[in-house]
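Participant: According to full-length UniProt numbering, the sequence shown is numbered sequentially starting from 1.
Glycine is no exception: its CB is placed at the ideal position from the N, C-alpha and C atoms.
Quick caveat: nothing in here was measured; it's all calculated off a predicted structure.
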Amino acid sequence: KVIHQEFGIEQSLMSTIHASTAKQKAVDSRGGSDWRTGRSILNNIIPTSTGAAKAVGRVIPSLKGKMTGMAFRVPTADVSVV
1 KVIHQEFGIE QSLMSTIHAS TAKQKAVDSR GGSDWRTGRS ILNNIIPTST
51 GAAKAVGRVI PSLKGKMTGM AFRVPTADVS VV
């Protein structure tokens, strides 16, 4: 809020890091329309989309449409970072 009031925010990028999910493959295989979903989660950091940037725009209306977000799935049992 302070940065937004003092300097203004034109655009921003948000990254989130999450542990792998049960839907992700353990070995490289066909991933459907998105080749990234076919990569093995056991030894790859996989970029994917996130809805977190839209959620921030709903909570802080002055940032609506100014945030872009991306997520990374990492090969670990339990982690989440914004």
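How many Å lie between residue 55 and residue 23 at the Cα?
Facilitator: The straight-line gap from Cα to Cα measures roughly 23 Å.
Participant: Where residue 65 and residue 57 are concerned, what is the direct C-alpha to C-alpha distance, given to the nearest angstrom?
Facilitator: Using only the alpha carbons, I get a separation of about 7 Å.
Participant: From what residue to what residue does the alpha helix (DSSP H) around residue 3 run?
Facilitator: Here the alpha helix (DSSP H) through residue 3 covers 2-6.
Participant: Can we count residue 38 as close to the ligand NAP, meaning its CB is less than 6 Å from some heavy atom?
Facilitator: The model on display carries no ligand, and the ligand NAP is accordingly not part of it.
Participant: Taking residue 69 as part of the beta strand (DSSP E), name the residues at either end of that continuous run.
Facilitator: First-last of the beta strand (DSSP E) with residue 69: 67-74.
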